[in-house]
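In what follows, a single structure is set out as structure tokens and then discussed.
In the numbering used here, the protein residues as written are 1 to 207.
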């Protein structure tokens, strides 16, 4: 769900870049050393998921997994997703450096929202709760990113993008379903396999 360069006005680019910098600063302060392996794993998953994409107007459609990253990392999703977006822009030409702030906000804001809305759901690490939390993280991550992309396009790109913004959101409905399914599988698996992911039977949620 990368926005391409040249579609947002300069004020929109400046505003989104400023907000993105603030988010990254908060995320770096909250990224604990003990969670670096998990952060690297989730960042790699996001990078690979976005490598297979279908162009759609001024953006693209692909798996996100941003909700999964946000669910487990909280604000630390900002710097993790930033690193992945930088690599995608540099290596594959997805999005662009000028719209990096906008693309980061589109991905990371719903990720952080998923964290705060869902971490209580899996507080006792029961398998069904972990599966539900992972599925809902996919819904919030993709749905939130689609809604935010539509808002950014409409406000920062002009009225000519309003119709495209609606199409952009509709095209991500299959992605939403797939992200939800992957999240439902991934969260219980991580709880079993990743060292320090759980502590005393409860999920060790990021701050």
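All C-beta atoms, glycine included, are put in the ideal place defined by N, C-alpha and C.
What you are looking at is a predicted structure, and each value in this text was computed from that prediction instead of being measured.
Residue i versus residue j - alpha carbon distance
{"i": "residue 69", "j": "residue 174", "result": "19 angstroms"}
{"i": "residue 186", "j": "residue 13", "result": "34 angstroms"}
{"i": "residue 99", "j": "residue 20", "result": "11 angstroms"}
{"i": "residue 115", "j": "residue 75", "result": "8 angstroms"}
{"i": "residue 193", "j": "residue 29", "result": "26 angstroms"}
{"i": "residue 178", "j": "residue 33", "result": "31 angstroms"}
{"i": "residue 145", "j": "residue 4", "result": "15 angstroms"}
{"i": "residue 78", "j": "residue 24", "result": "5 angstroms"}
{"i": "residue 189", "j": "residue 180", "result": "14 angstroms"}
{"i": "residue 103", "j": "residue 123", "result": "31 angstroms"}
{"i": "residue 134", "j": "residue 71", "result": "8 angstroms"}
{"i": "residue 183", "j": "residue 15", "result": "31 angstroms"}
{"i": "residue 18", "j": "residue 89", "result": "19 angstroms"}
{"i": "residue 47", "j": "residue 86", "result": "10 angstroms"}
{"i": "residue 105", "j": "residue 43", "result": "16 angstroms"}
{"i": "residue 125", "j": "residue 73", "result": "16 angstroms"}
{"i": "residue 153", "j": "residue 147", "result": "10 angstroms"}
{"i": "residue 121", "j": "residue 101", "result": "31 angstroms"}
{"i": "residue 51", "j": "residue 22", "result": "27 angstroms"}
{"i": "residue 149", "j": "residue 35", "result": "29 angstroms"}
Buried versus exposed call for residue i [16 or more other C-beta atoms within 10 Å across all chains shown]
{"i": "residue 156", "result": "buried"}
{"i": "residue 91", "result": "exposed"}
{"i": "residue 10", "result": "exposed"}
{"i": "residue 95", "result": "buried"}
{"i": "residue 7", "result": "buried"}
{"i": "residue 200", "result": "Confidence is the limiting factor: at residue 200 the pLDDT is only 38, short of 50, which leaves the residue's position unreliable and the question unanswerable from this model."}
{"i": "residue 84", "result": "buried"}
{"i": "residue 151", "result": "exposed"}
{"i": "residue 170", "result": "exposed"}
CB-CB length for residue i against residue j, believed under 8 angstroms
{"i": "residue 111", "j": "residue 81", "result": "7 angstroms"}
{"i": "residue 136", "j": "residue 118", "result": "6 angstroms"}
Taking one C-beta from the region 62–70 and one from the region 140–147 each time, how about it: are there three or more such pairs within less than 8 angstroms? yes
Which ranges would you report for the alpha helix (DSSP H) in the region 25–83 if only whole runs of at least 4 residues count? 36–51 and 66–73
Do the region 117–134 and the region 31–40 meet, that is, are 3 or more Cβ pairs less than 8 angstroms apart? no
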